[in-house]
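Each position in the sequence shown, counted from 1, maps to that position plus 1346 in our numbering.
C-beta atoms are modelled at their ideal positions from N, C-alpha and C, and glycine is treated no differently.
I have placed the structure first, in the form of structure tokens, so that the comments after it can refer back to it.
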Amino acid sequence: MQQGGPNGRGGAVATTLPVIPGSTIGIVANPMSGRDIRRLVAQASVFPNAEKTNMVLRLIAAAGGAGVDRVLMSTDAMGVAGGVLRVRDKRRATAGRWPDLHFVALDSISGTAEDTRALVRLMRERGASVIVLLGGDGTVRAASGQSGDVALLPLSTGTNNAFPEMWEATVAGAAVGLFATGRVATGEVTRRAKALHVAAGAVSEIALVDVCVSTVAHVGSKALWQPETLRELYCAFAEPHAIGLSSIAGLLAPSSRTGPDGVAVAMTAPARAARTVLAPIAPGVLAPIGIREARALPPGVAQPVALDRGTVAVDGEREIEFGPATPVTVTLAHDGPRVLDVRAVLAAAAARRLFVRESRELTQEIR
């Protein structure tokens, strides 16, 4: 166990939990997250890569304090990994324990979701029991196809962040550290997320938050930012405090991340609607959405899309163009990625006093 400075009574204060040999976490920092067209058509915030570097540094330090042996870190061409490497090489021996840091390099960097898929696949093969993702909904969706039974912890650094949650990186690092070292069990602190499966002829896609059908004919810039074009919305979960398309369903018929059902919403132009909902469909955009129907979306039942032509967006990005000859269905299932619950991890840590150390000498004096 790493030791800190004197405790004032001739001893030393432990500054880390005992290291568990072989315990490994992965960190994928998507340098492209938070850079889409919504920076131009809305007032979306910019999440600089320098802050992603700082988040990674805090994750590594906290995971090391929780006893993690090894960290696998993604590489990129935009400075995130480079910043981490510079700090590692300049660290002093007195700066506190860091895990062994290994950079996972790709043969080539495409700047697309394929980089995320490849990195997650390699980290899983190299023994990571949990992978932290710095990105938005699209980053998590890309990772989920390769994560298998490895737990994911998505942290918000994208544009639409309905799936990732906002956690301070130090807290997140402590949680993944406790999980990776086996101090909390998989069954008590992870869950399978819901997923939406889209079939359009021979094409298939998966979404973790929402699927939206619009009258826009072409994929184009991918991002959905024209509310008058929206016609059908299917949500795996819908929270009233969300940003993005799922907020429409969240304000009409909230559905939790852990509940069995999702939500389906049929939409129309506000001028022709019997009711509208004012929803934050993008950063800085509170738009009136015309509603025809909102209902529960049960799992395992293929829902046929009524619109005969248009595009299908998954987690806020248009991916599929379809016409009358291509029937489209959406099916909710409980087969999404395994997700780490930070609240559950730290609640278990508090209940078991995993971060609490007591001096016997001082305890006897108090008594």
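- Close CB contacts of residue 1546 within its chain, under the 7 Å cut and outside five residues either way in sequence, are with 1658, 1666, 1668, 1672, 1674 (chain order).
- Residue 1416 sits buried, since 16 or more C-beta atoms from the chains shown fall within 10 Å of its C-beta.
- Here residue 1555 really is in contact with residue 1509; their C-beta atoms are around 5 Å apart, less than 8 Å.
- Per DSSP, the beta bridge partners of residue 1446 are 1416.
- Distance between residue 1612 and residue 1580, taken at the CA atoms: about 9 Å.
- If only complete runs of 3 or more residues are kept, the stretch 1598 to 1638 shows the beta strand (DSSP E) at 1608 to 1614, 1621 to 1628, in order along the chain.
- Residue pairing by DSSP puts residue 1556 in a beta bridge opposite 1581.
- Nearest Cα to residue 1677 within the set 1656, 1697, 1651: 1651.
- A straight line joining the alpha-carbon of residue 1365 with that of residue 1490 spans about 29 Å.
- Secondary-structure assignment with DSSP links residue 1536 through a beta bridge to 1686.
- If you draw a straight line from the Cα of residue 1472 to the Cα of residue 1497, it is about 14 Å long.
- For residue 1480, the enclosing beta strand (DSSP E) has its first and last residue at 1476 to 1481.
- Under the three-state reduction of DSSP output, residue 1545 falls in the strand class.
- Relative to residue 1425, the option among 1376, 1444, 1634, 1410 whose CA is nearest is 1376.
- For the pair residue 1660 and residue 1584, the CB atoms are not nearer than the 8 Å cut-off.
- The C-beta separation of residue 1516 from residue 1404 comes to about 5 Å, placing the pair in contact by the 8 Å criterion.
- Counting every other CB atom within 10 Å of its CB across the protein chains shown gives residue 1512 a total below 16, marking it as exposed.
- Residue pairing for residue 1695: DSSP places it in no beta bridge.
- Shortest Cα-Cα distance from residue 1452 to any of 1427, 1428, 1420 involves 1420.
- If you look at residue 1666, you'll find it in the beta strand (DSSP E) that goes 1663 to 1668.
- Residue burial is scored here from C-beta neighbours: residue 1460 has fewer than 16 other C-beta atoms within 10 angstroms and is therefore classed as exposed.
- Out of 1634, 1445, 1492, the CA that lies nearest to the CA of residue 1462 is found in 1492.
- Counting only residues of its own chain and dropping the five nearest sequence neighbours on each side, residue 1409 has a CB closer than 8 Å to the CB of 1371, 1417, 1445, 1519, 1520, 1522, 1523, 1526.
- At the C-beta level, residue 1535 and residue 1694 come within 8 Å of one another.
- Spatial neighbours of residue 1616 in its own chain (CB-CB distance under 6 Å, excluding positions within 5 residues in sequence) are listed in chain order as 1622, 1634, 1636.
- In this structure residue 1700 is buried. Its beta-carbon is surrounded by 16 or more other beta-carbon atoms within 10 angstroms.
- Per DSSP, the continuous beta strand (DSSP E) segment holding residue 1677 begins and ends at 1674 to 1679.
- Remark: C-beta atoms of residue 1503 and residue 1398 approach each other more closely than 8 Å.
- Less than 8 Å separates the beta-carbon of residue 1540 from that of residue 1682.
- In this structure, the alpha-carbon of residue 1538 lies about 29 Å from that of residue 1576.
- Residue 1432 places its beta carbon 8 Å or farther from that of residue 1447.
- Exclusion of the five residues before and after residue 1474 leaves 1370, 1371, 1372, 1418, 1496 as the residues of its chain whose Cβ lies within less than 7 Å of its Cβ.
- Scanning 1610, 1646, 1402, 1587 for the CA closest to the CA of residue 1449 turns up 1402.
- When the alpha-carbon of residue 1578 is set against those of 1558, 1500, 1565, the nearest one is in 1558.
- Judged by DSSP secondary structure, residue 1459 falls outside any beta strand (DSSP E) and instead within the alpha helix (DSSP H) spanning 1459 to 1471.
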